[in-house]
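Read in order, the letters of the sequence shown are residues 1 to 95 in our numbering. In this text, a Cβ means the ideal position worked out from N, Cα and C, and glycines have one as well. It should be emphasised that the depicted structure is a prediction, and the values quoted were computed from it without experimental measurement.
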Amino acid sequence: MTGSSASPGSSRNDDVSIVACPDGPLLVRGEVPIVTPTGEPVPRRRKTVALCRCGASTIKPYCDGTHKLINFRTEPDLPDSPQSAGSEASQTPQG
Ligand code: FES
């Protein structure tokens with residue numbers, strides 16, 4: 001038998017999506033339980049939440065925007081890309 005069929009309880013997952021934001025968090029939309037490593041539920045106030053993937057948030061597991069301050073990048077600079085060539089010399093601190 002090939003193909004797949006939805007089970008009666010699977011329809012609620014149709015409204016779930018996880019979007020990996022470039023240089024940012026994971027946006028989780030839908031009714032997905034978020035739990036601690038020990039299985040405790042993490043309070044959730046919104047249907048869409050942003051999960052930190054930079055590791056610097058002060059409100060983990062949620063994103064607090066710190067990824068912007070630390071210049072978090074999800075894609076490494078390619079060694080032969082025009083942007084990365086000489087980019088160290090052109091970087092200036094922001095503040
Ligand atoms: S991804 Fe936003 S603070 Fe970590």
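Asked                                                                                  : Found
Nearest-angstrom Cα separation, counted from K47 out to P37                            : 21 Å
Proximity below 8 Å, CB of P22 to CB of H67                                            : no
Three-state secondary structure (DSSP) of L78                                          : coil
Same chain, Cβ closer than 6 Å to V32, neighbours up to 5 away in sequence not counted : V16
Simplified DSSP assignment, three categories, for T58                                  : coil
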